[in-house]
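Novice: Have a look at the structure that comes next, please.
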Amino acid sequence: MGGLRADVNVSVRRRDAPAGDQTYYGVSGLGQRTEIKNLSSFKAVEDAVRAEMNRQISVLEAGGVIEGETRRWTIGQTETKKLRGKEGEVDYRYMPDPDLSPVIIGDELLDTLKQRMPVLPDTNLEILTKTPRFGLTMVDAKTLMELDNGARLEYYKDAIDAYEGLLQIDGLGDPIIGRMLGNWVLHELGGLFSKAAEVDPEVVWSATRVPAKKLAEIVYLQNTRQITSSSAKQLLAMIFEGDERPVLRIVEEDDMRLAPMSKEEYVALAQEVMDAYPQMVEQVREKKQLGKIGFFVGQVVRRGEKGRVEAQKADEVLKELLLGK
């Protein structure tokens, strides 16, 4: 392992007196500096700086002049020792070379470089969370950016583009859709990949397993109430497992298209479930255990005809029957 080797520069000046005439690294009005070489620890740096500071103050208070020089510090000593004088001051970051012509960086070059630069992470995060096209939560935005070296984020953006194509618009303008697509990419599709990887560790993220356009179609069909949410998840799983049929063809051939139920049908189905669980009905009505309404919704969806029951509609009807809302 290597050891620490540090060089430090020390200069002093009075705060209540006119500034010095030295300029170092773009800072003017400084006193003459000295350099202390080859310090081997942070403690040595601290001790050497304090000792040299005190030495320079003593020289100046005695009417002396600080010389530009290189000095050394020995552990255990109370004063630095001169090694050699400096013939002239050099700012080590900038040394003019007459053989090199000036480099002019114009606005045109700067604009070109800016256009070629990728979006910076902080800027990308702000776009994903604050623009209506995406409207992601901070957690989902960061997760998309970090997964698969950005491949998951590109897939999400492709799904957004495809959804806009289905709506025939330029820009969603509705953060609800952006958040929903983000949820499907991260949690629904991501969950399928995670489960598959538990069985086969060789399974990794692939944008082609469920093309972004097909994911957008699935979410679009659900949002436009052409299929239920459970059918949408089933549809995604089928494509993930290798079904290559077009999305709409799967919906038609597998009888997934939603045939809306009337309110009377929802009421009858909800009443059937409530009659089967009278004690839970009492817990909701009398003890206000509203969390149990979700159980009733699940039962209505299970008992209803496949592809016809919408969980949201079932929830509305159950709350009306149970709570009078």
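Going by the working numbering, the letters in the sequence shown line up with residues 9 to 333, in that order. All C-beta atoms, glycine included, are put in the ideal place defined by N, C-alpha and C.
(1) So, using beta-carbon positions, are A167 and L133 closer together than 9 Å?
(2) State the beta-bridge partners of V317 as determined by DSSP.
(3) For V18, report the span of its alpha helix (DSSP H) as first-last.
(4) Of the choices K314, R310 and I301, whose alpha-carbon is the least far from that of E328?
(5) Given this structure, state the Cα-to-Cα distance separating V227 from L243, to the nearest angstrom.
(6) Apply the 10 Å Cβ neighbour rule to K138 and answer buried if 16 or more other Cβ atoms are within range, or exposed otherwise.
(7) Within this structure, are the beta carbons of L197 and V218 separated by less than 9 Å?
(8) Just the C-alpha distance for P254 and L175, rounded to the nearest angstrom, thanks.
(9) Is the distance from the Cβ of V317 to the Cβ of T232 below 9 Å?
(10) Among K51, M269 and Q85, which one has its Cα closest to the Cα of Q320?
(11) Give the secondary structure of I83 by DSSP, where H, G and I count as helix, E and B as strand, and everything else as coil.
(12) Under 9 Å, do L136 and L121 count as touching if we go by C-beta distance?
(13) Quick check for students: name the residue ranges of the alpha helix (DSSP H) that lie wholly in the segment 231 to 262, counting only runs of 4 or more.
(14) If you check the beta carbons only, do T142 and G186 fall under 9 Å apart?
(15) Going by beta-carbon coordinates alone, are S48 and R13 separated by less than 9 Å?
(16) On the CB-based measure, 16 or more other CB atoms within 10 Å of its CB, does F50 come out buried or exposed?
(17) Would the beta-carbon of L256 fall within 9 Å of that of A240?
(18) Please name the residue, chosen from A149, A278, A284 and G158, that lies closest to V325 on a Cα-to-Cα basis.
(19) With a cut-off of 8 Å on the beta carbons, I'd call T42 and G76 a contact; round off their distance for me.
(20) Q40 and S66: beta carbons closer than 9 Å?
(21) Output the residue ranges of the alpha helix (DSSP H) runs that lie fully inside the segment 176 to 211 and measure 4 residues or longer, sorted by chain position.
(22) With which residues is G93 paired in a DSSP beta bridge?
(23) Using DSSP with H/G/I as helix, E/B as strand and the rest coil, what is T145?
(24) Taking T120 as part of the beta strand (DSSP E), name the residues at either end of that continuous run.
(25) Between the alpha carbons of A159 and A245, how many angstroms are there, rounded?
(26) Return the Cβ separation of V16 and I44 in integer angstroms, given the expectation that the two are a contact with Cβ distance under 8 Å.
(27) Using a Cβ-Cβ cut-off of 7 Å (strictly less than) and excluding sequence neighbours within five positions of D262, which residues of its own chain qualify?
(28) Just tell me which of V212, N191 and W192 has its CA closest to the CA of F201.
(29) Which runs of the alpha helix (DSSP H) spanning at least 4 residues fall entirely within the segment 273 to 307, listed in chain order?
(30) Taking the Cβ atom as the reference point for each residue, do A322 and F304 lie within a distance shorter than 9 Å?
(31) Which residues mark the beginning and the end of the alpha helix (DSSP H) in which L136 is found?
(32) Could you tell me which of E69, K94, R63 and L144 sits nearest to Q85, measuring between CA atoms?
Specialist: According to the structure shown:
(1) no
(2) Answer is none; V317 lacks a bridge partner.
(3) No alpha helix (DSSP H) holds V18; the beta strand (DSSP E) holding it covers A14 to V18.
(4) Comparing Cα positions, the closest option is I301.
(5) One alpha carbon belongs to V227, the other to L243, and they sit about 10 Å apart.
(6) Answer is exposed; the Cβ neighbour count stays below 16.
(7) yes
(8) 18 Å
(9) no
(10) M269
(11) coil
(12) no
(13) 237 to 248 and 255 to 261
(14) The residue asked about is misnamed: residue 142 is Phe in this sequence, not Thr. Yes, they are a contact pair.
(15) yes
(16) Classified as exposed, F50 has fewer than 16 neighbouring CB atoms from the shown chains inside 10 Å of its CB.
(17) No, these two residues do not count as a Cβ contact at 9 Å.
(18) Each of A149, A278, A284 and G158 was checked against the Cα of V325, and the nearest Cα belongs to A278.
(19) 7 Å
(20) no
(21) Within the segment 176 to 211, the complete alpha helix (DSSP H) runs of at least 4 residues fall at 183 to 191 and 198 to 207.
(22) The partner list for G93 (beta bridge, DSSP) reads E77.
(23) coil
(24) Premise fails: T120 lies in the alpha helix (DSSP H), D115 to R124, not in any beta strand (DSSP E).
(25) 21 Å
(26) 5 Å
(27) none
(28) V212
(29) 286 to 295
(30) yes
(31) P129 to K138
(32) R63
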